[in-house]
Structure formats: C-alpha cells, structure tokens
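Colleague:
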Amino acid sequence: MRNKILAVFGIITYILSVLSSAQNLQGDYVASAALIVISAVAIVAFTIMAIIYLWQRSRMLSVLFILLTIIVLILTFAQELILPSYGSVVVILLNIFKMLKLVIFILVIIKLFKSN
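For the sequence shown, our numbering gives the first residue as 27, with consecutive numbering after it.
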C-alpha cells in the first residue's frame, strides 16, 4: 500500500508544481512564496523516495528519472542565470528534456501503482 500512497503523493507534487509555476504577462510568479517552497520541498521529497523505492525494482527507470531531473535543473539555471544570450537554444533543449522527464514521471507513477 505504501507504493500507491507514494504514487498519489507524486501526482499531488506534480499538481503543486503546475500551480506554483503560474506567471503573469510580465513574467512574475503569481503563486505565493510559501506555495513555491512547499512545492519544491515536495518535489525533492518525492524524487528521493521514488528513486529509493524503485532502485531494486527498476534500476534503469530510477536512473533515467534522476538523470532527467538533474538535466532539467541544470538547463533551468542556464536559462535563467548563465546563458541569456543563447536563450532560444536553451529553451528548446529545456522543453525537450521536460517532455522526456514527464514521460519518465508517468512511467514512475505507473510502476508505483503496479508494484506490490
């Protein structure tokens, strides 16, 4: 039963991340700082727990999940801080890796629901 609770927690963290990433037309975040912090802590907690849980059951899936998480994090920092002059290339790469991470996230949730 613990794995199903973890899967539901993952879905909740995804919904929180979508809610906390809302921006207005000027690019400012609409969500409160508390919601953004709660969302970030929940995402980190879910990622760590899911990797620990899936490590013995599906090592390749957990390696892909952590690898894509790190790549998306690095590209997000690169887009915001380091490489504003290469913005379009970084945005394209970031979007590609975010889509790949979403697919792997869905596979993680499915694996958590199916495992006993």
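Ideal Cβ placement from N, Cα and C applies to all residues, glycine included. It should be emphasised that the depicted structure is a prediction, and the values quoted were computed from it without experimental measurement.
1. Alpha helix (DSSP H) containing Val44: first to last residue?
2. CA-CA distance, Ile132 and Gln52?
3. Val129 to Ala76, Cα distance in whole Å?
4. Can you give me the C-alpha to C-alpha distance between Val98 and Arg28, rounded to a whole angstrom?
5. Out of Ser88, Leu61 and Ser58, state which residue places its alpha-carbon closest to the alpha-carbon of Ile136.
Modeller: Taking the coordinates as given:
1. Counting along the chain, the unbroken alpha helix (DSSP H) around Val44 starts and ends at Arg28 to Ser46.
2. If I take the Cα positions, the gap works out to 31 Å.
3. Rounded to whole angstroms, Val129 to Ala76 spans 15 Å at the Cα level.
4. Roughly 28 Å separates the two Cα atoms.
5. Taking only the C-alpha atoms, the option nearest Ile136 is Ser88.
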